[in-house]
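J.: First the structure, which I've put down as C-alpha cells, then a few questions once you've had a look.
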Amino acid sequence: MSHPPSTPAKVPASAASYTPATQDADLRSQINTLLLREGHAAKIQEQFLHSLDAHSSNWPSAIQSHALALLRSGEVSTFPALIRRVLEDVQRETTAANTANTTQTSTTNANEPNTTGKDGVNGTTATNGASRAAGGVNGVSGAADGANLAIPTAVVEAVLKVVRESLESVCEVEPDGSAGG
C-alpha cells in the first residue's frame, strides 16, 4: 500500500442500511477491485492468519484434528465433502457461541465490560456444549476431542479492525442526500 487509491469508491451514507438483497453489485465490485489493487486483501488475510496462529485457542490445530477425525471415522471420504462439513461445523459452533455470548451479555450490567470475553471463544470461556448432538464423530457434531471450532472473538475483532482501516482508505462516504444515481 504505497499510495492512496487514485479514485476512492464513493459510498452513499445510506449504504449502512443495505442488506445482502439491496447491495449495489457495481459498488461492491468497485470496492473489491480497489482492495485487491491496493494490496488490502493480502493484508487482511495475513492479519487473519497471524491472529489465528497467535491466539491461545490453537484454532488451526483444532480444525486439523477435527478434519482428521472426520476422515478417520469414515463420515467423509472426499475433499469437497470434508471442506463442506468442517465449514458447517465451524459455522454451527460460531453461531452457538455467539448466541451463548448474547445471552450472557444481556444478563450483565450494560455499563460493565464482559470480563469473560477475550480469552475465550466468541466471548465465552467454556467449551461450547450447545452444539453437541448425536450423529457426529463418536456421537458429537462438533470437534471429536471437545475442542471448540468457533472462531475466537479476539481474532474476529483484530481482523475487523484491519478491514475497517482498509475500507476507510479506499472508500469515501458521501454525505446524506448527495449520492446521485
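Under numbering that gives the first Met the number 0, the first residue of the sequence shown carries the number 0, and numbering increases by one thereafter. Cβ atoms here follow ideal geometry from the backbone N, Cα and C, with glycine treated the same way.
#1: Measure the C-alpha to C-alpha separation of Glu-173 and Ser-16 and round it to an integer number of angstroms.
#2: If contact is defined by three or more beta carbon pairs under 8 Å, each pair taking one atom from either stretch, is the region 151-170 in contact with the region 47-66?
#3: Once you ignore the five residues that flank His-39 on each side, which residues in its own chain have a CB closer than 6 Å to its CB?
#4: Among Asp-25, Ser-13 and His-54, which residue has its Cα nearest to the Cα of Val-158?
#5: DSSP beta-bridge partners for Ala-8?
#6: Considering Ala-15, what are the terminal residues of the alpha helix (DSSP H) in which it resides?
#7: Mark Asp-88 as exposed unless 16 or more other C-beta atoms lie within 10 angstroms of its C-beta, in which case mark it buried.
#8: Please name the residue, chosen from Ser-72, Leu-70, Ala-149 and Val-75, that lies closest to Ala-95 on a Cα-to-Cα basis.
#9: Quick check for students: name the residue ranges of the alpha helix (DSSP H) that lie wholly in the region 53-87, counting only runs of 4 or more.
#10: When the Cα atoms are used, what is the spatial distance from Ile-62 to Arg-163?
#11: Specify the secondary structure class of Ala-40 as computed by DSSP and reduced to three states.
#12: Exposed or buried, Lys-160, counting other C-beta atoms within 10 Å across all chains shown (16 or more means buried)?
T.: Reading off the structure:
#1: 14 Å
#2: Touching, yes, given that three or more Cβ pairs across the two stretches are closer than 8 Å.
#3: Ser-165
#4: Here the closest residue by C-alpha is His-54.
#5: Cys-170
#6: Note, Ala-15: premise wrong, no alpha helix (DSSP H); not H, not E.
#7: buried
#8: Ala-149
#9: 58-72
#10: Between Ile-62 and Arg-163, the C-alpha separation is close to 27 Å.
#11: In the three-state DSSP reduction, Ala-40 falls in the helix class (H, G or I).
#12: It is exposed - the Cβ of Lys-160 has fewer than 16 other Cβ atoms within 10 Å.
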